[in-house]
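Peer 1:
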Amino acid sequence: GWFDRVLVTGKTGVSYDETGVPLAHSMRAGLTSSGVDRRRILVQDRSTNTFDDVRLSAPLLADAGLRPTSMCVVAKSHHMGRCLRVLETEWPEVSTTAAPYDHEYGGVRGMADDWVGSEPAARRVWAEYLKITTYPDLQ
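In the working numbering, the protein residues as written are 409 to 547.
Printed below as a string of structure tokens:
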């Protein structure tokens with residue numbers, strides 16, 4: 409594999425609202441069904457926002473004896489900016505590489521390079537901006 413360990417984070421989201429299963433558990437299930445060894449996946453399933461994703465993951469990494477100097481961040485393209493801002497604020501010593509992916513909302517694909525032309529995608533980007541304003545360390 410490309411990475412020695414995978415950290416999946418998050419409790420809430422659409423899948424949680426629909427199933428009651430934390431987002432991190434759904435991501436772990438997807439990774440293991442794709443052949444990733446379950447023992448290589450760290451799960452942080454208590455966070456309800458991106459800021460907590462990072463803050464609650466630090467002790468989990470430490471308990472596993474991990475002190476990363478670099479990481480690859482996988483997130484929806486409209487959400488990547490917030491992920492990187494939080495990581496750079498909370499873990500400035502960690503070098504990050506972004507691996508954004510496009511996602512579909514309401515039948516419309518929210519793409520990184522043309523989100524302005526899509527009302528649902530533009531709403532997602534605007535919502536990301538508004539969420540950043542609630543994080544005291546990012547203002």
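Glycine included, every Cβ here is placed at the ideal spot set by N, Cα and C.
Going by DSSP in three states, Pro396 sits in which element: helix, strand or coil?
Peer 2: Here the chain covers residues 409 to 547 and nothing more, so residue 396 does not appear.
Peer 1: Tell me where the beta strand (DSSP E) around Pro430 begins and ends.
Peer 2: Element bounds for Pro430: n/a, residue is neither H nor E.
Peer 1: Name the DSSP beta bridge partners of Ser485, please?
Peer 2: According to DSSP, Ser485 bridges with nothing at all.
Peer 1: Less than 8 Å between the CB of Pro528 and some heavy atom of the ligand NAP, yes or no?
Peer 2: Although the ligand NAP was asked about, the structure shown includes no ligands whatsoever.
Peer 1: Under the assumption that Asp471 contacts Gly418 (Cβ atoms under 8 Å), give the Cβ distance between them as a whole number of angstroms.
Peer 2: Actually they are not in contact, since the Cβ atoms of Asp471 and Gly418 sit about 18 Å apart, beyond 8 Å.
Peer 1: Rounded to the nearest angstrom, what separates Val422 and Pro430 at their Cα positions?
Peer 2: Approximately 10 Å between the Cα atoms of the pair.
Peer 1: Considering only C-alpha positions, which residue in the set Trp499, Leu492, Glu498 and Pro528 is nearest to Ala507?
Peer 2: That would be Leu492, whose Cα lies nearest to the Cα of Ala507.
Peer 1: Is DSSP giving Tyr543 helix, strand or coil here?
Peer 2: Note: Tyr543 maps to coil in three-state DSSP.
Peer 1: Please list the terminal residues of the continuous beta strand (DSSP E) segment that includes Val414.
Peer 2: Taken as a continuous stretch (DSSP letters only), the beta strand (DSSP E) holding Val414 covers Val414 to Thr417.
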